[in-house]
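Structure first, commentary second.
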Amino acid sequence: MRHHSWTETEGNQESPSLPPIGYFPSQRRMFWRRFPLRFTRLGRRRTSHSSCTNRTLKWSEIMVSIYIVDQEGQLERVLQKPSEKEMEEEEAIGAPSPDPWCFTDSAYFISSKITHRLLEFVAPNCPIETKVCAYGDFMRSLGKKTKKEPEAIDFTGLDQMDIKTRHNLHIWRLCLDACFKGAKIQLLGCGFDSFFHFGSIAECRQHFHNLMKDRRDIPFIPLHSTWEYKVGQESIVEYSNLPPNPYTVIGNLSIVSNCYVGRKKNLQTINIPDNVVVYNTPVVRNNRKGWVTVVIETEDNVKKSHELGHVLWSGTKLKDYECTSLWNAPLFTMTHGAEKSLLQSLRKYQHRETDPEILKCCGWSMADVVRYVDADKLVQYMRQRRKLWWRYG
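The opening position of the sequence shown corresponds to residue 1 in the UniProt record's numbering, with each subsequent residue numbered one higher.
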């Protein structure tokens, strides 16, 4: 995750690489979003898509948002998953450009003034059950020539459930139009490898390898972490404290993040297998605070839908869980300490096939971890690790 003091680029001139910092404070994180975009100059206008040349573009691969920018660089409007016909009608496609260079990925940041406007709407309307998209519903309100939500909508042909859903979304979109009315939009470009889309494990791994491209003599990638452990080839260890006693062995091609173990003489060895992702997160739910460690295989498809009883966790079928994806499977347990959480989740992962009872009474899914993350505590922990790493690393 990166923060950007972005600078505009011209032609093939690259803007300077930017250093990473931590997460946003918890009170603002819900209004911050990463999303995959690709910017390129096409004649008089600049658009975003998934290919460097517009005429070889596969329209089924179009990214979520298309920015239409005028000659002065001002945002006119944002299109959401447009067809080729819609892009031509909106004049989003210009003449072919000799410069096919494009940016991959982007982020948007919302000012505190707009954040307060949103909160003023949310407070009296809780609980909110409407699903609002940080892509389509937020971005559609931006730009000086944006198409606003109509005051009235046609419900013809919709059943009662669809009418309720569409009505609630209509109210939200009117609110967003009002919140973003008159907002000043600034588009800035950043250099290569200064931002990455953490959409898949493969993308994450590629980013870290690019980050460490000048340190190929190191067989693994350590970031803001202690070095007193054995690590396999091409593994990534970030924001982790793993002391020599107990000795920790990390396998090949694994990713270990935010893991902490104190010095314990009664523990002999901690084994983290090959090809796994292990990350520890501070959480808070119903005023109860603790840590949850997630362990999955690098090839696990966490969002893939399955029939009940057929969800796979690293090859193990979860027969006793009423969930349709690994993302929503309550496989993990909250504990009071980060170390205990790590050891408990590793034990469950190790015995997931031989001891079905070990998976019962867990209560935390990956979706829960994201929803109830204690962001302030996470920021504090990561900042401490960064200070120690720069001092002693």
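Glycine included, each C-beta is placed from N, C-alpha and C at the ideal position. Every value quoted in this text rests on a predicted model; they were computed, and no experiment measured them.
Query                                                                                                                                                        : Result
Using the three-state DSSP reduction, which class does Lys113 fall into: helix, strand or coil?                                                              : helix
Residues bridged to Asn125 by DSSP?                                                                                                                          : In the DSSP output, where bridge partners are listed per residue, Asn125 has none listed.
Measure the beta-carbon distance from Val295 to Ser345 and round it to whole angstroms, keeping in mind my assumption that it falls under 8 Å.               : 5 Å
DSSP three-state label for Gln80, please.                                                                                                                    : strand
Is the beta carbon of Glu72 sitting closer than 8 Å to the one on Leu79?                                                                                     : no
Among Gln74, Leu176, Gly315, whose alpha-carbon lies nearest the alpha-carbon of Ile114?                                                                     : Leu176
Using the Cα positions of Val278 and Lys144, report the straight-line distance between them to the nearest angstrom.                                         : 45 Å
Taking all protein chains shown into account, decide if Thr293 is buried (16 or more other Cβ within 10 angstroms of its Cβ) or exposed.                     : buried
According to the neighbour-count rule (16 or more other Cβ atoms, all chains shown, within 10 Å of its Cβ), is Asp300 buried or exposed?                     : buried
What is the DSSP secondary structure of Arg385, reduced to helix, strand or coil?                                                                            : helix
In terms of alpha-carbon separation, which member of Lys317, Leu242, Ile185 lies closest to Asp70?                                                           : Ile185
Could you check what DSSP says for Gly73 in three-state terms: helix, strand or coil?                                                                        : coil
Helix, strand or coil: which one does DSSP assign to Leu342?                                                                                                 : helix
Compare the C-alpha of Gln230 against each of Ala202, Leu223, Ile270, Asn210 and name the closest.                                                           : The residue asked about is misnamed: residue 230 is Lys in this sequence, not Gln. The residue with the shortest Cα to Cα distance from Lys230 is Ile270.
Would you call Leu188 buried or exposed, if buried means 16 or more other Cβ atoms sit within 10 Å of its Cβ?                                                : exposed
Could you say which of Gly251, Val379, Cys323, Val261 lies nearest to Gly309 if we only look at CA atoms?                                                    : Cys323
Applying the 10 Å Cβ sphere with the 16-neighbour rule, what's the burial state of Arg173?                                                                   : buried
Which residue or residues does DSSP assign as beta-bridge partners of Glu238?                                                                                : Leu223, Ser257
Does the Cβ-Cβ distance between Val283 and Asp154 come in under 8 Å?                                                                                         : no
Going along the chain, which residues of its own chain have a beta-carbon closer than 6 Å to the beta-carbon of Tyr381, five neighbours each way excluded?   : none
What's the C-alpha gap between Cys126 and Glu120?                                                                                                            : 11 Å
When the Cα atoms are used, what is the spatial distance from Met366 to Glu149?                                                                              : 34 Å
How would you write the range of the beta strand (DSSP E) that Val277 sits in, first residue to last?                                                        : 276-285
Any idea if Glu353 is buried or exposed, counting beta-carbon neighbours within 10 angstroms, 16 or more meaning buried?                                     : exposed
Look at Gly290 and Ile272 and say whether their C-beta atoms are less than 8 Å apart.                                                                        : no
Relative to the alpha-carbon of Asn328, which residue among Gly182, Asp368, Asn258, Cys259 has its alpha-carbon at the smallest distance?                    : Asp368
Using a Cβ-Cβ cutoff of less than 8 Å, which residues in the same chain neighbour Ala202 once the five nearest sequence positions on both sides are dropped? : none
Would you mind reading off the limits of the beta strand (DSSP E) that contains Ile296?                                                                      : 288-297
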